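Sequence order for the protein chains is A and B.
According to the working numbering, the first sequence is numbered sequentially starting from 4.
According to the working numbering, the second sequence is numbered sequentially starting from 4.
Note that beta-carbon positions come from the ideal geometry of N, C-alpha and C, so glycine has one too.
Computed from a prediction, not measured in an experiment: that's the story for all the values here.
Structure, as structure tokens:
Number of protein chains: 2
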Amino acid sequence: MRSASDVTARARIRDAALARFGAEGVAGTSVRAVAADAGVSPALVLHHFRSKEGLRQACDEHVLDAIRSGGGADTSALGDVLRAATPVRRYLGRALLDGTEGASALFAEIVERTQEWLATGEAEGWARPTADARARAVTYVSWLLAPLVLGDQVGRLLGGDPADTATAVRGARAGLEMLTGGLFADDRWLTAFTAVDEQGSSR
Amino acid sequence: MRSASDVTARARIRDAALARFGAEGVAGTSVRAVAADAGVSPALVLHHFRSKEGLRQACDEHVLDAIRSGGGADTSALGDVLRAATPVRRYLGRALLDGTEGASALFAEIVERTQEWLATGEAEGWARPTADARARAVTYVSWLLAPLVLGDQVGRLLGGDPADTATAVRGARAGLEMLTGGLFADDRWLTAFTAVDEQGSSR
DNA sequence: GACGGGGCTGAACGTCTGTTCAATACTCTG
DNA sequence: CAGAGTATTGAACAGACGTTCAGCCCCGTC
Chain A
4 MRSASDVTAR ARIRDAALAR FGAEGVAGTS VRAVAADAGV SPALVLHHFR SKEGLRQACD
64 EHVLDAIRSG GGADTSALGD VLRAATPVRR YLGRALLDGT EGASALFAEI VERTQEWLAT
124 GEAEGWARPT ADARARAVTY VSWLLAPLVL GDQVGRLLGG DPADTATAVR GARAGLEMLT
184 GGLFADDRWL TAFTAVDEQG SSR
Chain B
4 MRSASDVTAR ARIRDAALAR FGAEGVAGTS VRAVAADAGV SPALVLHHFR SKEGLRQACD
64 EHVLDAIRSG GGADTSALGD VLRAATPVRR YLGRALLDGT EGASALFAEI VERTQEWLAT
124 GEAEGWARPT ADARARAVTY VSWLLAPLVL GDQVGRLLGG DPADTATAVR GARAGLEMLT
184 GGLFADDRWL TAFTAVDEQG SSR
């Protein structure tokens, strides 16, 4: 076994599957289509990965390894996700929505790391205190991942090319702006929401 | 034609399709499964809607009507989305990811409304000014929709029941908190990002 | 009571699916 | 050079798929 090094057929198949799975979903992708993209026969796909499900698992593991090997640097997971190649992003978005085992684990992991990171920030004074650290971390991560899942929609409205890095950067800057200065100048919406919530919970 | 009033078979089929499409994707759902859920024969599904694609379009229109009829009240689209029933949310999330014609239109529409709403807020003083109003509106909407698409992940980490309203409320409050007070107390991340961006754009 | 039409069905169709299997081509070990 | 083992293939399978069609049933109209 020569592991995963070059453009071995196994790797070509995995990459083709990654792209197809991300673009059209796992259920919407046939083994034959993946094989055609990789330039091999359908039988070879099943030879290398035991089944279609095995192929999906292999994609999961590959994406997870690729992202995790980026290392949790100072900017937390933000950079990891933004730096990931487009097919990987698309695949990850769909895996998160499908509730894939690997994707779910990754999500939980990122939330955990983020919560610790924010706790540190709170102690060091650069992050504001919160009443519900868990909810804040979860929501923050979901925001971070939103342009990943909704990338096509965001890209379409922000500029012609959804794959263009400049587009993603423009959105990310606007996001950081909101998180730094805040979006709302007073707490009218927060109090309004609290009112609606208490009224609604009596239903 | 008695239109759509009660639990007519047509409506039952549409609702069953909505739930299935949302849970397992359009490609992952068979006409036979929808028919079984609705308690009718597969042939009837094709009789009422011309094809599987026609069924998908009918779901699109129904969801859009349901959401739009909520009316754009003062809290913008936030309430509309949160109030939508769980199957509708799930369906909408997947439709947005798939880039459905209807879902894309809805997204653009919400962004437009939100941008105007934020411009008003800017004029009235309760929304902070921004350098890129468009990017801010798009990002804000994608954040609003994030828990919708990632609902399962968020729910799982925030409490046992993803369908529970209390869970969604908890996340929404944490979000509003971040948007009101801001998350970061100083602009270290904003400047850091700018630095990385300028360095990265020279690649 | 005859009749027409739409809701509804069972059975069938051709096609595509994931998967299996025997056989071939290739590559390294002895 | 013989042989073992892996990469790779074409052909075939059974089942599920979307879709079609002829026909039944029920209801309101003349």
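{"Query": "Simplified DSSP assignment, three categories, for S8/B", "Result": "With a pLDDT of 37 at S8/B, under the threshold of 50, the modelled position of that residue is not reliable, and no figure is offered here."}
{"Query": "Distance between H51/B and A14/B (C-alpha atoms, nearest Å)", "Result": "10 Å"}
{"Query": "Any chain A beta carbon closer than 8 Å to W129/B", "Result": "yes"}
{"Query": "Residues bridged to F187/A [DSSP beta-bridge criterion]", "Result": "A130/B"}
{"Query": "Neighbour-count burial assignment, A46/A, 16 or more Cβ in a 10 Å radius", "Result": "exposed"}
{"Query": "Beta-carbon gap between E131/B and G185/A smaller than 8 Å", "Result": "Checking the sequence shown, residue 131/B turns out to be Arg, not Glu. Going by C-beta atoms, R131/B is nearer than 8 Å to G185/A."}
{"Query": "T103/B in three-state terms, based on DSSP", "Result": "coil"}
{"Query": "DSSP state of R15/B mapped onto helix, strand, coil", "Result": "helix"}
{"Query": "Element boundaries [alpha helix (DSSP H), containing L67/A]", "Result": "55-71"}
{"Query": "Integer Cβ distance of R139/B from L121/B, believed to fall under 8 Å", "Result": "7 Å"}
{"Query": "Chain A contact for F52/B (CB, 8 Å cutoff)", "Result": "no"}
{"Query": "Cross-chain neighbours of R137/B in chain A, by beta carbon under 9 Å", "Result": "L160, L161, R173, A177"}
{"Query": "Collapsed DSSP secondary structure at T78/B in the structure displayed", "Result": "Note that T78/B has pLDDT 49, beneath the 50 cutoff, so the model's placement of it is unreliable and the number below is only indicative. In this structure, T78/B counts as coil in the three-state DSSP scheme."}
{"Query": "Distance CB(T11/A)-CB(R23/A) smaller than 8 Å", "Result": "no"}
{"Query": "Validate contact between the segment 98-116 of chain B and the segment 152-165 of chain A using beta carbons, cut 8 Å, 3 pairs", "Result": "yes"}
{"Query": "Exposure label - D18/B; buried when at least 16 CB within 10 Å", "Result": "buried"}
{"Query": "P90/A: contacting residues in chain B (beta-carbon distance under 9 Å)", "Result": "Under the 9 Å cutoff, chain B gives no residues; its nearest Cβ is about 15 Å from P90/A."}
{"Query": "Residue closest to A188/A, alpha-carbon to alpha-carbon, out of W129/B, V43/B, V152/B, T117/B", "Result": "W129/B"}
{"Query": "Contact with chain A by T133/B, beta-carbon distance below 8 Å", "Result": "yes"}
{"Query": "Length of the line joining the Cα atoms of E28/A and H65/A", "Result": "First, the residue type needs correcting, since residue 28/A is Gly and not Glu in the sequence shown. Answer to the nearest angstrom: the Cα atoms are 17 Å apart."}
{"Query": "For T197/B, three-class secondary structure by DSSP", "Result": "helix"}
{"Query": "Per-residue DSSP class, three states only, for G124/A", "Result": "helix"}
{"Query": "Nearest neighbour of Y94/A, chosen from A171/A, G42/A, C62/A [CA to CA]", "Result": "C62/A"}
{"Query": "C-alpha distance - A20/A paired with A26/A, whole-angstrom precision", "Result": "10 Å"}
{"Query": "C-alpha gap between T194/B and A136/B, whole angstroms", "Result": "19 Å"}
{"Query": "Cβ shell of V152/B (< 7 Å), same chain only, five flanking positions each side left out", "Result": "G96, L99, L100"}
{"Query": "Within chain A, the residues that A111/B reaches when beta carbons sit closer than 7 Å", "Result": "L160"}
{"Query": "Residues of the segment 178-193 of chain A whose Cβ lies closer than 7 Å to any Cβ of chain B, in chain order", "Result": "G178, L179, E180, M181, L182, T183, G184, G185, L186, F187, A188, D189, D190, R191, W192, L193"}
{"Query": "Reduced DSSP secondary structure (H/G/I, E/B, other) of F24/A", "Result": "helix"}
{"Query": "Reference G174/A; option with closest CA among R173/B, L67/B, T197/B", "Result": "T197/B"}
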